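With the numbering used here, letter number 14 in the sequence shown gets 3, and the count goes up by one each step, no holes.
Ideal placement from N, C-alpha and C gives every residue a C-beta, glycine not left out.
Model, not experiment: these values are computed from the prediction.
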Amino acid sequence: MLFIAPIDKRKQRVMKSQKIHLPVEKDVNKLINYCCGSNIYKEGEDIKLKPDSEYPEWLWNIRTEPPKLSDLDPNTKQYWRYIRKRALLRKNQMLKFIRPKYH
């Protein structure tokens, strides 16, 4: 006969995953002059930033925010992927309110 002991509530709390606290650089001078987090090794230092003139021109034209629907052409695959993604996100948001919550 197989006997499974009930789990103690205190042990259950310990078994939950713990948050990892990463160190945050607060030195203003280092944040301005270095690419913080670029060194993945235990030894060495982060990459020192160069003046803007040292980098290629196309680097400053890279889009950093997601595209708007009005900017996309309906005859492209990117347009329809964007539409599908937005529809899935909307559907998932709606399901949050419809699903019964079990405790």
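(message) By alpha-carbon positions, which one of Ser6, Tyr23 and Arg75 ends up nearest to Pro55?
(response) Arg75
(message) Checking the sheet assignment: what are the DSSP bridge partners for Tyr68?
(response) According to DSSP, Tyr68 bridges with nothing at all.
(message) Check whether the segment 52 to 69 and the segment 31 to 41 touch, using three or more Cβ-Cβ pairs below 8 angstroms as the test.
(response) no
(message) Taking the alpha-carbon of Lys93 as reference, which of Arg52, Ser27 and Lys31 has the nearest alpha-carbon?
(response) The question about residue 93 has no answer, for the chain in this structure spans -10 to 92.
(message) Rounded to whole angstroms, what is the Cα-Cα separation between Arg70 and Ile51?
(response) About 20 angstroms.
(request) Tell me Ile36's beta-bridge partners as DSSP assigns them. (result) Cys24
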